[in-house]
Amino acid sequence: MSVTTNETVTRSENQGPAPTGKPQRRGFFAAGHYIPYTLLLPAVVVLAGVLAYPLYRLIDLAFQNVNKYALLVHPERAKYVGFDGFSRVFGDSEFWEVVLRSIYFTAELVILSMVLSMALALLLNRVSNWVRVTVITVMMFVWSIPALVNGQVFRWLFSPQGGVVDYIAYLVTGDESWKNYDWFADAHVGLYVVGAAVVIWGALPFLVLGLYAALTQVPKELMEAAKLDGANSFQAFRNVTLPVIRPFLMISTALSFIWDFQVFAQIFALRNTSPEPGYRTIGTYLYMQGIVASRYSEASVISIAMIVMMLAVLVYYIRQMLKIGANER
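Quick note: to get the numbering used here, add 2 to the position in the sequence shown (first position is 1).
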């Protein structure tokens, strides 16, 4: 059966014409896009005010020949020598040995600290609440200890005269030679074993707690779906967990590089305030040149070189983080 009607549908007279053309864009100020920039402006102004003069003075010193404290406090007496300071620093073989040693040391620290912190964060995510609270409390206590104190404590632990580490090694192996083993006699062992241990010890609390916080943001539904699909623990971590925590991994790796490349206090304390040439990284080398030897102009050149090297790596990480943010939109 069909129903017919003679009524016709007419357009209401109050209905206006359909909109034509592109929608009008709201202005920068009308849309409120200026608000984030306005909130950031005070911080930018403060940072610029704090860093502007020291950075200017650093660059100014690099082009002078200031090798006495009197010339440092009376800059009007200093003479400009152009790029002579750069030539002296870059022509010194010890500088390049220090740079290479710093790169190796930083790579070791970043890799080991990130791997260990990830492993500990994963374990922290699986234990019971009371164990988790206990571990976090201990880590916060470790984190509160100054780096200089950590270096001094590790110097005592690895001391050849009654050091705890030597005694434990003797108890485990039964070898008498471990009783007075000098970990600092060989600079390679002292720096890449003891030095790395004290730096990583101080860095782990921040990295572990940060990674644990990032792991709590992984949706449980995704992990359960991965297990239902037959994924093992490694596959679930690689395909589900890692993409979620990748932004924090990038940030923590960049921060670790900044801290580890300019490490100073731990090595300074380990060697009782006088690091030998084999223990000198870029931070301690800068101290020896600028403070001990009073070569302020050469120390300024070394500082500029260190800043440039760190910026080169940071630019890469910032670009990677921006790509991650763009892909998530």
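Cβ atoms here follow ideal geometry from the backbone N, Cα and C, with glycine treated the same way. All figures in this text were calculated on a predicted structure; none of them were measured in a lab.
Quick check on this structure: which residue in the options has the alpha carbon closest to the alpha carbon of residue i?
i, options, result
"G192", "V242, N234, R134 and P162", "P162"
"G333", "D62, N152, E110 and Q322", "Residue 333 lies beyond the range of the chain shown here (3 to 331); nothing can be said about it."
"Y319", "V91, P249 and V220", "P249"
"L126", "L209, Y281 and I37", "L209"
"G280", "A189, N131 and P38", "A189"
"T218", "K229, V242 and L206", "V242"
"W158", "A301, Y289 and L272", "L272"
"K81", "V100, V91 and N69", "N69"
"Q66", "R90, H35 and M308", "R90"
"R59", "S115, E99 and I306", "I306"
"V315", "H35, M252, M290 and A301", "M252"
"L244", "A267, D231 and V220", "V220"
"F263", "V133, Y298 and I113", "I113"
"I147", "K229, Q291, V317 and Q268", "Q268"
Just grab the DSSP bridge partners of residue i for me.
i, result
"Q154", "Looking at the DSSP assignment, Q154 forms no beta bridge with any residue, so it has no partner."
"Y82", "Q66"
Taking the continuous alpha helix (DSSP H) assigned at residue i, which residues delimit it?
i, result
"Q163", "No alpha helix (DSSP H) holds Q163; DSSP gives it neither H nor E."
"S146", "N131 to S146"
"L206", "A198 to L217"
"A233", "Where A233 is concerned, there is no enclosing alpha helix (DSSP H), given that its DSSP letter is neither H nor E."
"F107", "S95 to L126"
"V75", "Y71 to V75"
Hey, how far is the Cα of residue i from the Cα of residue j?
i, j, result
"Y195", "F186", "Note on residue identity: the sequence assigns Val, not Tyr, to residue 195. If you take the alpha carbons of V195 and F186, they lie about 10 Å apart."
"A61", "I260", "Before going on, a small fix: residue 61 reads as Ile here, not Ala. Taking the straight line from one Cα to the other gives about 21 Å."
"S254", "E278", "31 Å"
"G197", "A215", "28 Å"
"S235", "Y172", "38 Å"
"H76", "I293", "17 Å"
"K222", "Q237", "15 Å"
"F270", "E226", "49 Å"
"F88", "L53", "22 Å"
"G212", "I202", "15 Å"
"A199", "V174", "20 Å"
"L102", "T108", "10 Å"
"V166", "L74", "45 Å"
"T40", "V303", "36 Å"
"G84", "L313", "24 Å"
"F160", "L224", "46 Å"
"F143", "L122", "17 Å"
"Y56", "V129", "Sequence inspection shows Pro at residue 56; the Tyr mentioned does not correspond to that position. Going by the C-alpha atoms only, they are around 48 Å apart."
"L324", "S104", "28 Å"
"L111", "V140", "22 Å"
"W180", "I284", "32 Å"
"M300", "Y289", "Residue 300 is actually Glu in this sequence, not Met. Roughly 11 Å between the two C-alpha positions."
"F92", "L63", "16 Å"
"L257", "P44", "24 Å"
"T286", "F266", "6 Å"
"I170", "D184", "14 Å"
"E96", "A295", "15 Å"
"E178", "N274", "27 Å"
"P38", "R297", "44 Å"
"M308", "V117", "26 Å"
"L206", "I138", "11 Å"
"Y36", "V46", "15 Å"
Could you pull out every unbroken alpha helix (DSSP H) segment of at least 4 residues lying fully inside the stretch 258–324, listed in chain order?
267–272 and 284–289
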